[in-house]
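Residue numbers for the sequence shown follow numbering that gives the first Met the number 0, so the first one is 0 and each next one is one higher.
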Amino acid sequence: MTPIWHCSRRIFFPKESNEMNINTPSMPTDADRLVYWLDRICVFGGRRTGSSSEQQASAWLGEVLAAMGGRLSVQDDAWSGWRPKLASIEAGGAIFEACALLNAPGTPAQGLHAPVLDLGRGTPEDFATHAAQIPGRIILVAHERMFSATTVHRRVKYAEAVARGAAGMLVVGHQPGSPVAGSTGMEANEGIPAMGISPETAAALVTAGEATLHLAVETVPATARSHFLEFGPTDGPVVVLSAHIDGHDPAEAALDNASGCAILLTLAEEVARQSDLPVRLRFCFFNLEEWRLTGSRNHVATLDQTDRDQIIVNINLDSLGIAGPMTALTSDFPHLGPFLQQVFASVGEDLQIHLPFQANSDHANFAEAGIPAFRLLGGFDDPASSAMAILSGGDRRDIVSMPDLVRAKVAVHATMHASMALPPSSLR
C-alpha cells in the first residue's frame, strides 16, 4: 500500500508510523529511515523490469518523490518487453527449477535436448581447451562473485558459448537450493537458451549426462520509467547521485539494489528541507540497469556537452549494507580516489579504491562520457561476504546489515557535501 505522507516543515513520515514534530526530541535516526525505505522497496519483490513487482514499485516511487518537493521528472525508455513464461529442466526422470537469463531466447515447444558438458569456471581458456566438444551441447559454467578484479563476467561466458556453437548454457549458482539470476548481455532473443540453476541441479545434470531445457519467453514492446528529483539552483554545477530500482526474480533484490535506493531516499528527505544549496543535487533512480545499463545510458545520451561539463561527479550506489570496508570503483579517474579516501577518512571509514574501469553499474555510462563517476559497493574481493547472495534467493532484506547501511549513508552524505564545494573540472 502506498504510504500517506504528513509534512511538517518538509520532513516526511508515513501515516503508519507515529507522527513526529520537528521540535520533539524523538526525531528518526538514519537507521529508522533506512529500515523504513528498505522495507517499502523490498515488499514489492524482486522488481524485474516489466514484472508487476517492478511496475508497482515504480509507481510508488513516483508518488514518494512527488511528495518531497523539488523538480521531478521521468524518463520512459522503450525496450523489448522480454519476459519469461516457463523455465525448467528435465534430467534423469526429474524436473528442476531454473531462472531464465534476461533476454535469452526460448527453446522449441518440445524443449531442447542435448548432452551436458561441465566447463567448471568457464573461462575463455576453458572454452578454448574444450572447443571441439562444445558444439551442440548444453554448457555448464560457474557463477562467479561479481565484485572482484579477477571475475570472468557471465556475459563473457555466454558470448563464448554462442560463438563456439553450444546448444544452450546453464550458469551454476553457489547458494544451496537457489537458482541464480542474471542477464545474457545481448539483445532480446539473441543467442542461445540460457538459465541459472542451483548447485544441486548442476550435480544431477552432470550425473545424468544429458538434459532437456524448457524455456518459454514472450517479447511485447514496452516502456520502463526512470525517476529524477533535483534540488537547488536551476542551472550551473550539479552533483548526480544514482541508484537503480530494478532487480531480479529469485528474491527481493535487497542488496542489489534496494540498499542503494534506500540511501538515496533518505538523503533526498534531508535535502528537501534544506535551502540555499550552492549547487544542484540530482537524484536519479534508474530503471533497466539489469538490462545492459539502458536507463542510465539513455539519460547520459540526452545530455549535451555543456550539461556533461557541469556535472562535478556521479555518486552511484549499488549493493551496500555489507560488512567490511567499502570500495569505490573509480573508472580510471585518477583524482577521484584520493578525494574520496580523504572524505571517507573524515567520517572514520577506510575506503578501498579500484581504479580500472568496470562496466557493472550505472556509473559506467557517465564515465564513458568523460564524467567523473564511481560505484560505491560492499564486499569487493571478499568471498565470505553477504554479497555472494546477490542474484540468488538469499538476496532478501534480512541479509542487509543495517549498521553497515548506516555507515554507507553517512559516508555518502559527507561525499555529497564535499563534492558540492568542488569546481566541475577538479576531478576530471
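Just so it is clear, CB atoms sit at the ideal spot from N, CA and C, and this is done for glycine as well.
Quick one: residues in its chain with C-beta nearer than 7 Å to the C-beta of residue 173, no 5 flanking neighbours on either side, listed in chain order?
-> Locating residue 173 in the sequence shown gives position 174, counting from the first residue. Here the set comprises 142, 198 and 387.
When you compare each of 365, 272 and 315 to residue 301 by their alpha carbons, which one comes out closest?
-> Reading the sequence shown from its first residue, position 302 is the one you call residue 301. When each option's Cα is compared against that of residue 301, the closest is 365.
May I ask you to list the residues that DSSP assigns as paired with residue 353?
-> Here residue 353 refers to the residue found at position 354 of the sequence shown. Under DSSP, residue 353 shares a beta bridge with 328.
Which two residues bound the contiguous beta strand (DSSP E) that contains residue 194?
-> Position 195 of the sequence shown, counting from 1, holds the residue named residue 194. That run of the beta strand (DSSP E) goes 193 to 196.
Does the stretch 312 to 324 come close enough to the stretch 194 to 213 to have 3 or more Cβ pairs within less than 8 Å?
-> The stretch 312 to 324, when compared against the stretch 194 to 213, does not touch it at the 8 Å Cβ threshold.
Counted within 10 angstroms of its Cβ, other Cβ atoms place residue 40 as buried (16 or more) or exposed | Indexing the sequence shown from 1 puts residue 40 at position 41. Buried, by the Cβ-count rule.
Euclidean distance between Cα positions of residue 80 and residue 380 = Position 81 of the sequence shown, counted from the first residue, corresponds to residue 80. Position 381 of the sequence shown, counted from the first residue, corresponds to residue 380. Computed Cα separation, rounded: 34 Å.
For residue 67, which residues from the same chain have a beta carbon less than 7 Å from its beta carbon, with the 5 sequence-adjacent residues on both sides left out?
-> Taking the first residue of the sequence shown as position 1, residue 67 is located at position 68. Cβ contact annotation for residue 67 (same chain, cutoff 7 Å, sequence separation greater than five): 11, 228, 267, 268 and 271, in chain order.
CB contact flag (residue 188, residue 225, <7 Å) = Counting from 1 along the sequence shown, the entry for residue 188 is found at position 189. Counting from 1 along the sequence shown, the entry for residue 225 is found at position 226. No Cβ-Cβ contact shorter than 7 Å links residue 188 with residue 225.
For residue 343, three-class secondary structure by DSSP = To locate residue 343, count along the sequence shown from 1; it is residue 344. Under the three-state reduction of DSSP, residue 343 is assigned to helix.
Which ranges would you report for the alpha helix (DSSP H) in the stretch 123 to 151 if only whole runs of at least 4 residues count?
-> Taken in chain order, the whole alpha helix (DSSP H) runs of length 4 or more contained in the stretch 123 to 151 are 123 to 128.
Are the beta-carbon atoms belonging to residue 203 and residue 90 less than 7 Å from one another?
-> Within the sequence shown, the letter at position 204 stands for residue 203. Within the sequence shown, the letter at position 91 stands for residue 90. Cβ distance < 7 Å, so residue 203 and residue 90 count as in contact.
Can you list, in chain order, the residues of its chain whose CB lies under 8 Å from that of residue 135, leaving out five sequence neighbours each side?
-> In the sequence shown, residue 135 corresponds to position 136, counting from 1. Excluding five sequence positions before and after residue 135, the CB atoms of its chain that fall closer than 8 Å to its own CB belong to 113, 114, 164, 165 and 166, given in chain order.
Where does the unbroken alpha helix (DSSP H) through residue 72 begin, and where does it stop?
-> Indexing the sequence shown from 1 puts residue 72 at position 73. Here residue 72 belongs to no alpha helix (DSSP H); instead the beta strand (DSSP E) covers 70 to 78.
Using a Cβ-Cβ cut-off of 8 Å (strictly less than) and excluding sequence neighbours within five positions of residue 110, which residues of its own chain qualify?
-> As a first step, residue 110 must be located in the sequence shown, where it is residue number 111. Same-chain partners within the cutoff: 89, 211, 212 and 213.
Using the rule of at least 16 other Cβ atoms within 10 Å of the residue's Cβ for burial, across every protein chain shown, is residue 23 buried or exposed?
-> Position 24 of the sequence shown, counting from 1, holds the residue named residue 23. Residue placement at residue 23 is flagged as unreliable, the pLDDT there being 38, under the threshold of 50; a coordinate-derived value is accordingly withheld.
Euclidean distance between Cα positions of residue 373 and residue 411 = To locate residue 373, count along the sequence shown from 1; it is residue 374. To locate residue 411, count along the sequence shown from 1; it is residue 412. If you draw a straight line from the Cα of residue 373 to the Cα of residue 411, it comes to about 12 Å.
Nearest to residue 231 (by Cα), restricted to the options 245, 277 and 241 = Against the sequence shown, residue 231 aligns to sequence position 232. Shortest Cα-Cα distance from residue 231 to any of 245, 277 and 241 involves 277.
Grab the span of the alpha helix (DSSP H) containing residue 40 for me, first residue to last.
-> Your numbering for residue 40 matches position 41 in the sequence shown. Going by DSSP, residue 40 is part of the alpha helix (DSSP H) stretching over 29 to 41.
At least three beta-carbon pairs within less than 8 Å, the stretch 42 to 51 to the stretch 245 to 259 = The answer is yes - the stretch 245 to 259 touches the stretch 42 to 51, with three or more Cβ pairs under 8 Å.
Please name the residue or residues paired with residue 404 in a DSSP beta bridge.
-> Within the sequence shown, the letter at position 405 stands for residue 404. Listed as beta-bridge partners of residue 404 by DSSP are no residues whatsoever.
Unbroken stretches of the beta strand (DSSP E), 3 residues or longer, contained in the stretch 242 to 324 = Whole beta strand (DSSP E) segments, 3+ residues: 279 to 285 and 310 to 316.
Burial state of residue 74 (16 or more Cβ within 10 Å) = In the sequence shown, counting from the first residue as 1, residue 74 sits at position 75. The residue is buried, with at least 16 neighbouring Cβ atoms inside 10 Å.
As assigned by DSSP and simplified to three states, the class of residue 185 | Position 186 of the sequence shown, counted from the start, is the residue given in the question as residue 185. Reduced to three states, the DSSP call for residue 185 is coil.
Compare the C-alpha of residue 184 against each of 407, 360 and 137 and name the closest.
-> Here residue 184 refers to the residue found at position 185 when the sequence shown is read from its first residue. Measuring from the Cα of residue 184, the nearest candidate turns out to be 360.
Meets three-Cβ-pair contact criterion under 8 Å: the stretch 145 to 157 and the stretch 118 to 128 | Segments in contact, yes.
For residue 209, name the three-state secondary structure that DSSP assigns.
-> Here residue 209 refers to the residue found at position 210 of the sequence shown. Residue 209: strand per DSSP, three-state reduction.
For the putative contact between residue 294 and residue 76, defined by C-beta atoms under 8 Å, what is the C-beta separation to the nearest angstrom?
-> In the sequence shown, residue 294 corresponds to position 295, counting from 1. In the sequence shown, residue 76 corresponds to position 77, counting from 1. So it is a contact: roughly 6 Å between Cβ atoms.
Three-state class that DSSP yields for residue 89 in the structure shown = Your numbering for residue 89 matches position 90 in the sequence shown. Three-state result, residue 89: strand.
Thinking residue 239 and residue 352 are a contact (beta carbons under 8 Å), I'd like their distance in whole angstroms, please.
-> Reading the sequence shown from its first residue, position 240 is the one you call residue 239. Reading the sequence shown from its first residue, position 353 is the one you call residue 352. About 20 Å; that fails the 8 Å criterion.
Write down the C-beta distance between residue 243 and residue 288 rounded to the nearest angstrom, noting that I regard them as a contact closer than 8 Å.
-> What you label residue 243 is simply residue 244 of the sequence shown in a count that begins at 1. What you label residue 288 is simply residue 289 of the sequence shown in a count that begins at 1. Beta-carbon to beta-carbon, residue 243 and residue 288 are separated by about 3 Å, close enough to satisfy the 8 Å threshold.
Below 7 Å between beta carbons: does that hold for residue 409 and residue 346?
-> Within the sequence shown, the letter at position 410 stands for residue 409. Within the sequence shown, the letter at position 347 stands for residue 346. In this structure, residue 409 sits near residue 346, with a CB-CB distance shorter than 7 Å.
State the DSSP-derived secondary structure class of residue 50, mapped to helix, strand or coil.
-> Translated into the one-based positions of the sequence shown, residue 50 becomes position 51. Correct three-state label for residue 50: coil.
Report the option in 27, 38 and 28 whose CA atom is closest to the CA atom of residue 259.
-> Translated into positions along the sequence shown, residue 259 becomes position 260. Out of 27, 38 and 28, 38 has the C-alpha closest to the C-alpha of residue 259.
Short Cβ contact (7 Å threshold) for residue 378 with residue 177 = Position 379 of the sequence shown holds residue 378. Position 178 of the sequence shown holds residue 177. No Cβ-Cβ contact shorter than 7 Å links residue 378 with residue 177.
Check residue 414 in the structure and name its three-state DSSP category.
-> Position 415 of the sequence shown holds residue 414. When secondary structure is reduced to three states using DSSP, residue 414 falls in the helix class.
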